[in-house]
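Enquirer: What follows is a structure written as structure tokens; I'll ask about it next.
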């Protein structure tokens with residue numbers, strides 16, 4: 003009898019749990035045009051109409067990815083894409099990809115923006131003038147926007163964020179803005195910061211965020227070739243633009259760092275307030291001294307928060323072998339995140355190129371049509387957190403000199419004057435007395451202190467030319 007009662011109780015419990023599950027599953031859900039897809043096998047897929055503004059390298063990559071993965075996308079999320087119009091700058095230029103069926107090429111952006119059937123505008127034309135008009139007008143007309151334009155976002159971030167907010171006033175159909183491809187090409191760093199680490203407390207963002215300079219510095223380290231020769235090779239391989247200033251001057255990396263800072267810390271900083279030093283002064287001598295210290299030289303974008311202030315910079319950095327960024331070579335990008343709960347996270351991948359960049363644009367597009375695209379800049383800075391235009395690090399200082407008595411005494415006196423503790427002074431055997439150098443390695447101090455000390459060292463008659471300095475990660479700061 004007891005056994006019978008137990009079996010009945012079990013059946014009743016199973017029945018109750020089944021009824022409960024059924025009730026939960028049948029609750030009505032609020033759906034929008036782009037909410038999570040619930041297409042079942044055999045259902046007719048929904049069609050989403052896209053307008054491309056920019057039909058070059060990245061635009062062609064987007065077309066190719068959507069064409070070659072058409073069936074996989076349809077079967078996975080129940081959506082098919084139609085591209086009726088692509089706006090290009092030169093209609094006579096031959097395309098290196100197959101145009102979608104029925105697609106019209108135009109050189110007028112209004113043909114795309116004014117087409118009521120187009121639901122998503124993908125801007126991959128580059129520049130910051132016409133591209134800005136395209137993005138803002140598309141948002142104002144209720145179209146979703148995807149862009150790969152880092153310079154546009156860095157220069158106009160508050161205005162774009164305000165346009166997204168305005169487009170979503172009134173509680174109607176949500177309007178989304180995706181820009182995963184704007185930073186580090188194919189690495190999904192934007193989505194990670196928008197969504198995956200939003201509940202964490204990020205303390206530091208640093209990374210190799212320019213492929214051209216990483217290729218050049220890697221080559222200099224591995225082969226010993228000069229800066230000029232490495233730049234020539236980078237240009238021949240397509241890593242450097244005809245005018246490489248944005249890359250080698252660190253300005254491209256600075257634009258990306260500004261965007262990462264907004265996402266990681268919720269603080270908007272004027273790009274011009276972020277200190278930047280490019281790689282044009284890096285020489286083979288610096289790699290020799292870096293090797294002596296068990297490291298190498300990388301161009302990094304770095305931003306740190308101590309809970310009260312955020313500091314940031316773009317500069318060549320002496321990176322020790324123990325750091326994961328040490329082994330990132332070639333045109334590869336990598337972003338290292340230090341956070342309270344996940345601790346250290348490193349994302350590595352291709353930072354540029356047709357398909358890595360196009361794939362990130364398609365990733366944004368797929369999030370939009372599934373209704374899972376996060377707000378573009380969801381992080382809100384805690385009260386009291388502000389930006390400080392000064393940063394702390396250990397430093398590497400290279401000095402070229404004329405040999406005479408008293409140099410060590412002079413250097414020690416200057417460093418003491420500005421509160422800088424010297425960790426070590428290094429010197430390789432002098433091969434040419436007309437080109438003799440030594441290196442000062444400091445304990446952690448502020449870059450403002452180093453600038454004052456370097457300016458005074460350069461005034462000594464034994465100092466030849468300008469000193470070169472960069473942060474060093476070989477000592478903790």
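Residue numbers (this note's numbering): 3 to 479. Glycine is no exception: its CB is placed at the ideal position from the N, C-alpha and C atoms.
I'd like the list of long-range same chain contacts for residue 89, defined as Cβ closer than 6 Å, with 5 residues on each side in sequence excluded.
Expert: To locate residue 89, count along the chain shown from 1; it is residue 87. Result list for residue 89: 55, 108, 111, 114, in chain order.
Enquirer: Please report the Cβ distance between residue 219 and residue 284, rounded to the nearest whole angstrom; I am assuming they are in contact, meaning their Cβ atoms lie under 8 Å.
Expert: As a working mapping, residue 219 is identified with position 217 in the chain shown. As a working mapping, residue 284 is identified with position 282 in the chain shown. Confirmed, Cβ separation roughly 7 Å.
Enquirer: Taking one C-beta from the stretch 263–279 and one from the stretch 377–394 each time, how about it: are there three or more such pairs within less than 8 Å?
Expert: Yes, the stretch 263–279 is in contact with the stretch 377–394.
Enquirer: DSSP beta-bridge partners for residue 55?
Expert: Position 53 of the chain shown, counted from the first residue, corresponds to residue 55. Its beta-bridge partners are 89, 125.
Enquirer: Would you call the stretch 238–245 and the stretch 366–374 touching, i.e. three or more CB-CB distances under 8 Å?
Expert: No, because fewer than three Cβ pairs between the stretch 238–245 and the stretch 366–374 fall closer than 8 Å, the two stretches do not touch.
Enquirer: Which value, in whole angstroms, describes the spacing of the CA atoms of residue 433 and residue 212?
Expert: Taking the chain shown and counting its residues from 1, the one referred to as residue 433 is at position 431. Taking the chain shown and counting its residues from 1, the one referred to as residue 212 is at position 210. Near 34 Å, if we compare the C-alpha coordinates of residue 212 and residue 433.
Enquirer: Residue range of the alpha helix (DSSP H) that residue 411 falls in?
Expert: What you label residue 411 is simply residue 409 of the chain shown in a count that begins at 1. 409–419 is the span of the alpha helix (DSSP H), which, as asked, contains residue 411.
Enquirer: Taking the beta carbon of residue 431 as the centre, do at least 16 other beta carbons fall within 10 Å, making it buried, or is it exposed?
Expert: As a first step, residue 431 must be located in the chain shown, where it is residue number 429. Exposed, because fewer than 16 other Cβ atoms sit within 10 Å of the Cβ of residue 431.
Enquirer: Looking at the unbroken alpha helix (DSSP H) that takes in residue 256, where does it start and where does it end?
Expert: As a first step, residue 256 must be located in the chain shown, where it is residue number 254. Counting along the chain, the alpha helix (DSSP H) containing residue 256 begins and ends at 253–267.
Enquirer: Please determine, among 352, 336, 68, the residue with the shortest C-alpha to C-alpha distance to residue 207.
Expert: Here the question's residue 207 lines up with position 205 in the chain shown. That would be 336, whose Cα lies nearest to the Cα of residue 207.
Enquirer: Please say whether residue 120 and residue 53 have beta carbons closer to each other than 9 Å?
Expert: Translated into the one-based positions of the chain shown, residue 53 becomes position 51. Translated into the one-based positions of the chain shown, residue 120 becomes position 118. Cβ distance < 9 Å, so residue 53 and residue 120 count as in contact.
Enquirer: Might you give, ordered along the chain, the residues of its own chain that have their beta carbon closer than 6 Å to the beta carbon of residue 165, omitting 5 neighbours on each side?
Expert: Position 163 of the chain shown, counted from the start, is the residue given in the question as residue 165. Closer than 6 Å at Cβ, skipping near neighbours: 138, 141.
Enquirer: Do residue 281 and residue 318 have their CB atoms nearer than 9 Å?
Expert: Sequence index remark: in the chain shown, residue 281 carries index 279 (1-based). Sequence index remark: in the chain shown, residue 318 carries index 316 (1-based). Their beta carbons are under 9 Å apart, which means residue 281 touches residue 318 by this criterion.
Enquirer: Tell me whether residue 127 is buried or exposed, calling it buried when 16 or more other Cβ atoms sit within 10 Å of its Cβ.
Expert: Within the chain shown, numbered from 1, the residue matching residue 127 stands at position 125. With 16 or more other Cβ atoms within 10 Å, it is buried.
Enquirer: Once DSSP output is grouped into helix, strand and coil, what is the label at residue 451?
Expert: Stepping through the chain shown from its first residue, residue 451 is reached at position 449. Here residue 451 sits in helix by DSSP.
Enquirer: So, residue 410 versus residue 425, is the Cβ gap smaller than 9 Å?
Expert: Against the chain shown, residue 410 aligns to sequence position 408. Against the chain shown, residue 425 aligns to sequence position 423. Their beta carbons are not under 9 Å apart, which means residue 410 does not touch residue 425 by this criterion.
Enquirer: Hey, could you find the ends of the beta strand (DSSP E) residue 315 is sitting in?
Expert: Your numbering for residue 315 matches position 313 in the chain shown. First-last of the beta strand (DSSP E) with residue 315: 311–322.
Enquirer: Could you check what DSSP says for residue 371 in three-state terms: helix, strand or coil?
Expert: Locating residue 371 in the chain shown gives position 369, counting from the first residue. Residue state, collapsed to three classes: helix.
Enquirer: What does DSSP give as the partner residues of residue 465 in its beta bridges?
Expert: Translated into the one-based positions of the chain shown, residue 465 becomes position 463. Note: residue 465 sits in a beta bridge opposite 403.
Enquirer: For residue 404, which option in 294, 462, 78 has the closest C-alpha, if you only look at C-alpha atoms?
Expert: As a working note, residue 404 is residue 402 in the chain shown. It is 462.
Enquirer: Can you tell me which of the three DSSP states residue 543 falls into?
Expert: This structure does not reach residue 543, given that the chain is present from 3 up to 479, and the question cannot be answered.
Enquirer: Span of the alpha helix (DSSP H) holding residue 135?
Expert: Locating residue 135 in the chain shown gives position 133, counting from the first residue. Residue 135 -> alpha helix (DSSP H) spans 132–142.
Enquirer: Using only CA atoms, which one of 131, 46, 378 lies nearest to residue 183?
Expert: Here residue 183 is taken as the residue at index 181 of the chain shown, counted from 1. Considering only alpha carbons, the answer is 378.
Enquirer: Please report the Cβ distance between residue 328 and residue 298, rounded to the nearest whole angstrom; I am assuming they are in contact, meaning their Cβ atoms lie under 8 Å.
Expert: Here residue 328 is taken as the residue at index 326 of the chain shown, counted from 1. Here residue 298 is taken as the residue at index 296 of the chain shown, counted from 1. Contact flag correct, Cβ pair sits at about 6 Å.
Enquirer: To the nearest angstrom, report how far apart residue 93 and residue 58 are at their CA atoms.
Expert: In the chain shown, the residue the question calls residue 93 occupies position 91. In the chain shown, the residue the question calls residue 58 occupies position 56. For residue 93 and residue 58, the distance between alpha carbons rounds to 11 Å.
Enquirer: Could you tell me the alpha carbon to alpha carbon distance between residue 134 and residue 191, rounded to whole angstroms?
Expert: Here the question's residue 134 lines up with position 132 in the chain shown. Here the question's residue 191 lines up with position 189 in the chain shown. Distance between the alpha carbons of residue 134 and residue 191: 23 Å.
Enquirer: Grab the span of the alpha helix (DSSP H) containing residue 223 for me, first residue to last.
Expert: Taking the chain shown and counting its residues from 1, the one referred to as residue 223 is at position 221. Counting along the chain, the alpha helix (DSSP H) containing residue 223 begins and ends at 213–225.
Enquirer: Let me check understanding here. Comparing Cα to Cα, which of 193, 144, 441 lies closest to residue 171?
Expert: Counting from 1 along the chain shown, the entry for residue 171 is found at position 169. Residue 171 has its Cα closest to that of 144, out of 193, 144, 441.
Enquirer: Measure the C-alpha to C-alpha separation of residue 230 and residue 124 and round it to an integer number of angstroms.
Expert: By one-based count along the chain shown, residue 230 stands at place 228. By one-based count along the chain shown, residue 124 stands at place 122. Between residue 230 and residue 124, the C-alpha separation is close to 37 Å.
Enquirer: Assess, as a yes-or-no matter, whether the stretch 306–320 is touched by the stretch 457–476 under the definition of 3 or more beta carbon pairs within less than 8 Å.
Expert: In short, these stretches touch, since the Cβ pair count reaches three.
Enquirer: Leaving out the 5 sequence neighbours to the left and right, which residues in its chain are closer than 6 Å to residue 467 when beta-carbon positions are compared?
Expert: Indexing the chain shown from 1 puts residue 467 at position 465. Within the same chain, residue 467 has close Cβ partners 402.
Enquirer: Touching or not, the stretch 350–360 and the stretch 300–317, by the rule of three or more beta carbon pairs under 8 Å?
Expert: Touching, no, given that fewer than three Cβ pairs across the two stretches are closer than 8 Å.
Enquirer: For the beta strand (DSSP E) holding residue 442, just list the boundary residues, first then last.
Expert: As a working mapping, residue 442 is identified with position 440 in the chain shown. Run containing residue 442: 438–444, per the beta strand (DSSP E) assignment.
Enquirer: Can you tell me where the beta strand (DSSP E) with residue 300 in it begins and where it stops?
Expert: Stepping through the chain shown from its first residue, residue 300 is reached at position 298. Counting along the chain, the beta strand (DSSP E) containing residue 300 begins and ends at 297–307.
Enquirer: Could you check where the beta strand (DSSP E) with residue 289 kicks off and where it finishes?
Expert: Numbered from its first residue, the chain shown carries residue 289 at position 287. Where residue 289 is concerned, there is no enclosing beta strand (DSSP E), although the alpha helix (DSSP H) it sits in stretches over 286–294.
Enquirer: Is the beta carbon of residue 102 sitting closer than 9 Å to the one on residue 132?
Expert: As a first step, residue 102 must be located in the chain shown, where it is residue number 100. As a first step, residue 132 must be located in the chain shown, where it is residue number 130. Not closer than 9 Å, so no.
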